[in-house]
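Participant: Residue numbers (our numbering): 1290 to 1857.
Positions of the beta carbon are idealized from the N, C-alpha and C atoms, including for glycine.
1. Going by C-alpha distance, which of 1814, 1845, 1683 and 1487 is nearest residue 1664?
2. For residue 1533, which residues from the same chain have a beta carbon less than 7 Å from its beta carbon, with the 5 sequence-adjacent residues on both sides left out?
3. Which runs of the beta strand (DSSP E) spanning at least 3 residues fall entirely within the segment 1644-1712, listed in chain order?
4. For residue 1660, is the classification buried or exposed, using 16 other Cβ atoms within 10 angstroms of its Cβ as the cut-off for buried?
5. Looking at the unbroken beta strand (DSSP E) that takes in residue 1564, where does it start and where does it end?
6. According to DSSP, which residues form a beta bridge with residue 1809?
7. What are the start and end residues of the alpha helix (DSSP H) that includes residue 1414?
8. Where in the segment 1546-1634 do unbroken runs of the alpha helix (DSSP H), each at least 4 residues long, occur, reported from the N-terminal end onward?
9. Should residue 1755 be labelled buried (16 or more other beta-carbon atoms within 10 Å of its own) or exposed?
10. When you compare each of 1338, 1703, 1492 and 1525 to residue 1574 by their alpha carbons, which one comes out closest?
11. Can you tell me whether residue 1874 is buried or exposed, with buried defined as 16 or more other CB within 10 angstroms of its CB?
12. Find out if the Cβ-Cβ distance for the pair residue 1740, residue 1793 is shorter than 7 Å.
13. Do residue 1634 and residue 1676 have their C-beta atoms within less than 7 Å of each other?
14. Can you check the segment 1489-1552 for any beta strand (DSSP E) of at least 3 residues that lies completely inside it and give the ranges in chain order?
15. For residue 1599, count the other beta carbons within 10 Å of its own beta carbon; 16 or more makes it buried, fewer makes it exposed. Which is it?
16. In the segment 1373-1413, which residue ranges form an unbroken beta strand (DSSP E) of at least 3 residues, counting only runs that do not cross its ends?
17. Can you give me the C-alpha to C-alpha distance between residue 1713 and residue 1471, rounded to a whole angstrom?
18. For the alpha helix (DSSP H) that residue 1728 lies in, which residues bound it at each end?
19. Tell me which same chain residues have a C-beta within less than 6 Å of the C-beta of residue 1627, skipping the five on either side of it?
20. Should residue 1688 be labelled buried (16 or more other beta-carbon atoms within 10 Å of its own) or exposed?
21. For residue 1458, which three-state DSSP category applies?
22. Hey, how far is the Cα of residue 1548 from the Cα of residue 1395?
23. Per the contact definition of three or more C-beta pairs closer than 8 Å, is the segment 1558-1566 in contact with the segment 1519-1539?
24. Residue ranges of each beta strand (DSSP E) run of no fewer than 3 residues wholly in the segment 1761-1797, ordered along the chain?
25. What is the C-beta distance between residue 1774 and residue 1752, in whole angstroms, given that I count them as a contact (C-beta under 8 Å)?
26. Would you give the residue range spanned by the beta strand (DSSP E) that residue 1637 belongs to?
27. Which residue spans inside the segment 1297-1322 form an unbroken alpha helix (DSSP H) run of at least 4?
28. Kindly indicate the opening and closing residues of the alpha helix (DSSP H) around residue 1907.
29. Looking only at C-alpha atoms, which of 1830, 1821 and 1709 sits nearest to residue 1860?
30. Please report the distance separating the alpha-carbon of residue 1618 from that of residue 1587.
31. Might you give, ordered along the chain, the residues of its own chain that have their beta carbon closer than 7 Å to the beta carbon of residue 1796, omitting 5 neighbours on each side?
32. Thinking C-beta only, is residue 1317 closer than 7 Å to residue 1332?
33. Between which two residues does the alpha helix (DSSP H) holding residue 1830 run?
34. If you drop the 5 nearest sequence neighbours on each side, which residues of the same chain put their C-beta closer than 7 Å to that of residue 1837?
35. Could you tell me whether the Cβ atoms of residue 1696 and residue 1601 are closer together than 7 Å?
36. With respect to the alpha helix (DSSP H) encompassing residue 1846, which residues constitute its N-terminal and C-terminal limits?
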């Protein structure tokens, strides 16, 4: 359908679009040799709703301002590939009055949309939808329509052995083609389900008579599906091809990376394969690109946040974050760097591996094979005129000595240690061989942290804690006056776990003169902890109890995460 420039521009102006916006869009069409309608759809600041209504006047097609995703007929959506829907610019919605409604953004799409009539064997009714609404709806519709791994597995079981692998080459979007080879379809569905279920890791584990697939969701592993053992080699080969690994080499561990797109979202997966007795074990860490880091989002209480913010603004010294693997240390440090990042600061990092890209920050990944270790990289970084240095982890005396020297020569150094609590950082550094007086003079503060699961807001229920729970947490019945305590229940929104998402609990040990004196005397972690507590430090369990009283977590979760505090 040809659309006259003057008629459309007049209709747009009538609907509130300024003449200047219209002129800019027409200039974009001339400059880039675009069809007029495409230029209008691309133009910034030009209302796509006004455009849809103007096109409705010209074409006589009805307008649908927003698409109700809950009404989508997912079986209809699954009849065509995502790539085709994006390329042609249409989306089948649902059946109404004997016709399938098809969303389009332009009357020019009508001939392509009419092809759906043949594909669906039903009459169609085109409706005009604003271009930005249609684009978002296409991504969300195909995300919603993707099957679970167990459903696809049933289809795969029915395939003949020789038809399983097909072409294992990588697709542009893992939701793109519903007619892929069965193994590709299963692996893609597995990745899709993991991302939708908010999993942080995917585990594929071969045993003698079974193959297990588990997801780690909010820090806990859940069994998802058990594919037939005969599929193990094909599944691993598919993942290796996606990660750029050697599919012929099965005797040694391999590490790789997969970058995928799922319904418009970009996701990185860090892949690790390990030879075990009955095949190769695969673990994939899911890292969503475009993550925004902010200290306001990590879950620190107001007093802890104010203290932490004041110390990350210091010109020099060492700030340590401690905790086990998977306790959120990297997120906290990235959030701190994002907060202080400014054009007048030179910030450098040394990481193993680089998990997320930070804009405006120089990031180096260690590579021990070429002697690029934390220690050697830190020496090199000091010749790059840095203001702030992030050392991924202090693992040995050389790295610790270099970090101390960097802090004493006017640099602010962030790093991590694997200790159970904040006070344990001091004896750990002295055990590495750093002199106590250097530890005392260089450290500004130590932050210990853990991640606890958040109660699902849709199903959490209030209850009266038992005497045993209160006793284990060191609380009295009187301390509950005016407080509401919740526990996990489970619903569809949280996959029946009772929890949805995680937040941090923290203990901040500031290096005061008292703590500094104890460190120089070589006192143990217990003595330092008691002195810090006497000075007002709240330990991890205390901070966790605050989360319970805020309704964010449960007593059961806090006890699970802070068991070591109960032993003191």
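Facilitator: Put simply:
1. 1683
2. 1545
3. 1651-1654, 1677-1680 and 1701-1706
4. exposed
5. 1554-1565
6. According to DSSP, which records beta bridges pairwise, residue 1809 is partnered with nothing at all.
7. Unbroken run through residue 1414 is the beta strand (DSSP E), 1413-1417; no alpha helix (DSSP H).
8. 1591-1601 and 1618-1629
9. exposed
10. 1492
11. The first residue shown for the chain is 1290 and the last is 1857, placing residue 1874 beyond what the model contains.
12. yes
13. yes
14. 1500-1506, 1509-1514 and 1543-1551
15. exposed
16. 1379-1385 and 1388-1393
17. 51 Å
18. 1725-1731
19. 1582
20. buried
21. Its pLDDT being 48, under 50, residue 1458 is placed unreliably in this model, and the value from its coordinates should be taken loosely. The answer is coil: DSSP assigns residue 1458 none of H, G, I, E or B.
22. 32 Å
23. yes
24. none
25. 7 Å
26. 1636-1640
27. 1308-1321
28. Only positions 1290 to 1857 of the chain appear in this structure, which leaves residue 1907 out of reach.
29. Nothing can be reported for residue 1860: it is not among the residues displayed for the chain, which extend from 1290 to 1857.
30. 10 Å
31. 1710, 1711, 1737, 1826, 1827, 1828, 1829 and 1832
32. yes
33. 1829-1838
34. 1774, 1843, 1844 and 1847
35. no
36. 1844-1850
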